[in-house]
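A.B. asks: Here the sequence shown is numbered in the numbering used here, starting from -2 and rising by one per residue.
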Amino acid sequence: MDDALEIRLEPSLDIDDAFSDTEDQDFEFQFSPDSIRNDLARNAQSWGVENEDDEKPRNGFFESTMESFSTLTIDSDERSNEDNASSSRFVSIPLSNPHDGFPVNSEPHEEHPPDATETGTPYPSVFIDLSSHKVTVSVDNTQTSAPLPSASIQSHSRSTSTAESDHSGHSTKSLPTPELSSVTPTHPNFAASTSTSVLPASTIPAMTTASVSDTPTSTLKPSPPTHRLTRSVGPSALEKFVSKTRPSFLPPKTRQEDDKHMADWEAMMKQSRAAAEKRRKALQERRLAREKKIDESLHLWEKEIVPDWRVVHKNTKLRKLWWKGIPTKLRASMWERAVGNPLALSKDNFRSCSSRAKRALNSGAFSTATLSKIEADIASTLPSLHIFHRETGPLYPDLKDMLCAWVVARADEGLGYTFGAAKVAAMFLINMPIQQAFIVMRNLLERHCLRSFFGGSGAKEDVEAYYRIFETLLADGMPKIYFNFKQHQVSPASYLLDWIVPLFLDHLPFEACARIWDVLILEGDSFLYRAALGILGVLEPRLFFPDRQELLQLLKGENKAAIDVATREGRPLDGGKYEIYGLDEETLWERIDSMDEWWKESTWNRLTRRELPDL
-2 MDDALEIRLE PSLDIDDAFS DTEDQDFEFQ FSPDSIRNDL ARNAQSWGVE
48 NEDDEKPRNG FFESTMESFS TLTIDSDERS NEDNASSSRF VSIPLSNPHD
98 GFPVNSEPHE EHPPDATETG TPYPSVFIDL SSHKVTVSVD NTQTSAPLPS
148 ASIQSHSRST STAESDHSGH STKSLPTPEL SSVTPTHPNF AASTSTSVLP
198 ASTIPAMTTA SVSDTPTSTL KPSPPTHRLT RSVGPSALEK FVSKTRPSFL
248 PPKTRQEDDK HMADWEAMMK QSRAAAEKRR KALQERRLAR EKKIDESLHL
298 WEKEIVPDWR VVHKNTKLRK LWWKGIPTKL RASMWERAVG NPLALSKDNF
348 RSCSSRAKRA LNSGAFSTAT LSKIEADIAS TLPSLHIFHR ETGPLYPDLK
398 DMLCAWVVAR ADEGLGYTFG AAKVAAMFLI NMPIQQAFIV MRNLLERHCL
448 RSFFGGSGAK EDVEAYYRIF ETLLADGMPK IYFNFKQHQV SPASYLLDWI
498 VPLFLDHLPF EACARIWDVL ILEGDSFLYR AALGILGVLE PRLFFPDRQE
548 LLQLLKGENK AAIDVATREG RPLDGGKYEI YGLDEETLWE RIDSMDEWWK
598 ESTWNRLTRR ELPDL
């Protein structure tokens, strides 16, 4: 130890640039023999032998045959001025040296690795030139006969830190290097901890790359982690999915608790279905009792009303009798008389219009677009009755012939087909022969309100006027619904057109529609609006949605929640669209009758004169 290594830092060498992490360090590294000894003593376990019985030394992580390490020697002696005043090189220090771990002399010297028989594979020499920022890794093939370590040449834009720097506890700063080729020495036993050094292109030919393909490299293969299969407590993922007793965002229940709650849920659903069935039976019984009562009043109809139906406008008792519904046997004659024949159509009118329509169909002059609309309209007409089905419906040919004849009759006025007319024609066909139904239909649709809605684009101004009339009536009679619709910007055009054109046959049960038609034919256009307000009155508890789209879906009869409930209770979905909301003849007429407190015919007449002065 007489020739102890003496290392001095020259003023021209900036250690901060090479070994500091940041540009502005507040402290300076003490690079002296004492500091190196202290560091080696602190980190001796990271490369020392963990077990004396092991034949191979370890670096703290995996087996290693390394018996030397490289350290930086900075020689400030005047002898080095001939080469470079600040030159510095890495030298190899054998780890098996009984001394303190430092070379005897401090002068830079060539690497003399141990004999190949002792170390196996030589450790590559690393040279760092701080002045030119060059790093050179070299292996001398002449020093040993053992296989040389392989070296792979890769392209990197920056240098990476080595595993040894992580154990040393010191922070190092990467040297600024240009974008050049790099050499990565891969030692057989250090494949997992090799570092990438950025080298100038001029140093690449000096590398020993001839043995890259000849020397196999060993790679550390960590054992795959073992996972112990565990089963969570409670139902499986599928059971959680089908569970109706716990939301999916909550932890699953135990199997016993889930089974218990599932049984309770099934019992509640069974009770709910039983209650719904009981309500349906009670409603059916009340409807049958009401129809029976109407049939029992047949003699009164034949005695008081059939001789002269106009008596109902003078006799309040008979008018109430009409409002309760016309007996089925008398419905065709009463409709025909109440509608009248303002167009003065002959009984042969249907025959002449039908023959013209057939000639147009045979010659191809009938519009294919209009024919497609008729077919689509018929397909959606009273699907629950199955009497207008294209293939099996007994009334399908009559309905199609009647609609084609109606199109030909309107063609003289320049009007086309209006989607929804099939519902009106179907209701007449159910109650009377086709010739009579055709004449009554044409006369009914000539009433001003219905003619406006069936008049196409030419009657757009009149339709807008009827929309304003309805809004005024809604604001007077149901202000909460009116302001709710205004808040969500829902105009009468969003729903009223779909109600009036088919005369409610798409949205209401058939029995409720038949009774509405009885009163509509008697009272005229004003009852259309009174029935529409009654429908909104029944739906009022469901109309206060925060979202406009949900409100429109409800008005169209497409509310998903109501459809799900109706499906669960086993109710048919091919009837009136509003049946899923519990709207039936009884509830609707209760609401219509309750409007007697504020509904006045004088209000209707005043609004029509204001909005339609030419009427």
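Glycine included, C-beta positions come from ideal geometry on N, C-alpha and C.
Could you tell me whether the Cβ of R243 comes closer than 8 Å to any Cβ of chain B?
C.D. replies: The chain inventory of the structure shown lacks chain B, comprising one protein chain alone.
A.B. asks: Compute the beta-carbon to beta-carbon distance between V535 and L580, rounded to the nearest angstrom, for a pair I have assumed lies under 8 Å.
C.D. replies: Rounded, the Cβ-Cβ distance is 5 Å, consistent with contact.
A.B. asks: Compare the C-alpha of F482 against each of Q546, A419 and I497 and name the closest.
C.D. replies: Here the closest residue by C-alpha is Q546.
A.B. asks: In three-state terms, what does DSSP make of S125?
C.D. replies: One detail in the question is off: residue 125 reads as Ile in this sequence, not Ser. I125: strand per DSSP, three-state reduction.
A.B. asks: Using the beta-carbon count (16 or more within 10 Å), is Y405 buried or exposed?
C.D. replies: Before going further, note that residue 405 is Val rather than Tyr in the sequence given. V405 comes out buried.
A.B. asks: Give a yes or no on whether the C-beta atoms belonging to F347 and I427 are separated by under 8 Å.
C.D. replies: Not a contact, by the Cβ cut-off of 8 Å.
A.B. asks: On the criterion of 16 or more Cβ atoms from any shown chain inside 10 Å, does R603 qualify as buried, or is it exposed?
C.D. replies: With fewer than 16 Cβ atoms within 10 Å of its Cβ, R603 is classed as exposed.
A.B. asks: For D398, which residues of its own chain have a beta-carbon under 6 Å away from its beta-carbon, when the five flanking residues on both sides are left out?
C.D. replies: Result list for D398: S351, in chain order.
A.B. asks: Tell me which same chain residues have a C-beta within less than 8 Å of the C-beta of I560, skipping the five on either side of it?
C.D. replies: Around I560: L570 and I577.
A.B. asks: Using only the alpha-carbon positions, how far apart do V460 and L379 sit?
C.D. replies: C-alpha separation (whole angstroms): 26 Å.
A.B. asks: DSSP three-state label for L500, please.
C.D. replies: Looking at L500 - three-state DSSP - the assignment turns out to be coil, as it is neither helix nor strand.
A.B. asks: Rounded to the nearest angstrom, what separates S369 and R387 at their Cα positions?
C.D. replies: The alpha-carbon atoms of S369 and R387 are separated by roughly 13 Å.
A.B. asks: With H, G and I counted as helix, E and B as strand and the rest as coil, what does DSSP make of W595?
C.D. replies: If DSSP states are grouped into helix, strand and coil, W595 belongs with coil.
A.B. asks: Could you check the C-alpha separation between L548 and L392 for me, to the nearest Å?
C.D. replies: The straight-line gap from Cα to Cα measures roughly 36 Å.
A.B. asks: For D522, which of D395, L442 and A38 has the nearest alpha-carbon?
C.D. replies: Taking only the C-alpha atoms, the option nearest D522 is L442.
A.B. asks: Using a Cβ-Cβ cutoff of less than 7 Å, which residues in the same chain neighbour V308 once the five nearest sequence positions on both sides are dropped?
C.D. replies: Here the set comprises E301, I302 and L315.
A.B. asks: Tell me which residues share the same chain as F524 and place their Cβ nearer than 6 Å to its Cβ, disregarding the 5 neighbours each side in the sequence.
C.D. replies: Same-chain partners within the cutoff: V516 and L517.
A.B. asks: Below 8 Å on the Cβ atoms is my guess for W298 versus P324; work out the distance and round it to an integer in Å.
C.D. replies: About 6 Å separates the two Cβ atoms, so the contact holds.
A.B. asks: Looking at the secondary structure, which residues open and close the alpha helix (DSSP H) in which R307 lies?
C.D. replies: Taken as a continuous stretch (DSSP letters only), R307 belongs to no alpha helix (DSSP H), as it is neither H nor E.
A.B. asks: Going by DSSP in three states, S351 sits in which element: helix, strand or coil?
C.D. replies: Helix at S351.
A.B. asks: Taking C-alpha atoms, which residue in H310, H383 and K321 lies nearest to E293?
C.D. replies: The candidate whose alpha carbon is nearest that of E293 is K321.
A.B. asks: Give me the Cα-Cα distance between T181 and N35, rounded to the nearest whole angstrom.
C.D. replies: Only weak support exists for where T181 lies, its pLDDT of 41 falling under 50; the value from the coordinates is given anyway. Their backbone Cα atoms lie some 30 Å apart in a straight line.
A.B. asks: Can you find at least 3 beta carbon pairs, one from the stretch 592 to 609 and one from the stretch 458 to 474, that sit closer than 8 Å?
C.D. replies: Cβ pair count under 8 Å is three or more, so yes.
A.B. asks: Only counting the same chain, and skipping five residues up and downstream in sequence, which positions put a Cβ closer than 7 Å to that of A402?
C.D. replies: Closer than 7 Å at the Cβ level, and outside the excluded window around A402, lie F347, C350, S351, A354 and F435.
A.B. asks: Would you call D374 buried or exposed, if buried means 16 or more other Cβ atoms sit within 10 Å of its Cβ?
C.D. replies: Flag for D374 reads buried.
A.B. asks: Using a Cβ-Cβ cutoff of less than 6 Å, which residues in the same chain neighbour F451 once the five nearest sequence positions on both sides are dropped?
C.D. replies: Excluding residues within five positions, the ones whose Cβ falls inside 6 Å are T415 and L442.
A.B. asks: Alpha carbon to alpha carbon, what distance is there between G417 and L669?
C.D. replies: Here the chain has residues from -2 to 612 only, and residue 669 is not among them.
A.B. asks: Is the Cβ-Cβ distance between I371 and D395 less than 8 Å?
C.D. replies: In this structure, D395 does not lie closer than 8 Å to I371 by Cβ.
A.B. asks: Straight-line CA distance for V46 to A38?
C.D. replies: Reliability of the predicted coordinates at V46 is poor, the pLDDT of 44 falling under 50, and no value is obtained from them.
A.B. asks: If you follow the alpha helix (DSSP H) that W332 is part of, which residue opens it and which one closes it?
C.D. replies: Run containing W332: R328 to V336, per the alpha helix (DSSP H) assignment.
A.B. asks: When you compare only the Cα positions, how much space is there between T251 and D261?
C.D. replies: Their Cα atoms are separated by approximately 15 Å.
A.B. asks: For P499 versus V421, is the C-beta distance shorter than 8 Å?
C.D. replies: Against a cut-off of 8 Å, the Cβ pair of V421 and P499 comes out as a contact.
A.B. asks: Determine, using beta carbons only, whether L533 and I478 come nearer to each other than 8 Å.
C.D. replies: Cβ atoms of L533 and I478: closer than 8 Å.
A.B. asks: On a Cα-Cα basis, can you pick out the residue from F542, A273 and T365 that is closest to Q486?
C.D. replies: Of the candidates F542, A273 and T365, the one whose C-alpha sits nearest the C-alpha of Q486 is F542.
A.B. asks: Roughly how many angstroms separate the alpha carbons of R512 and S591, rounded to a whole number?
C.D. replies: Their Cα atoms are separated by approximately 17 Å.
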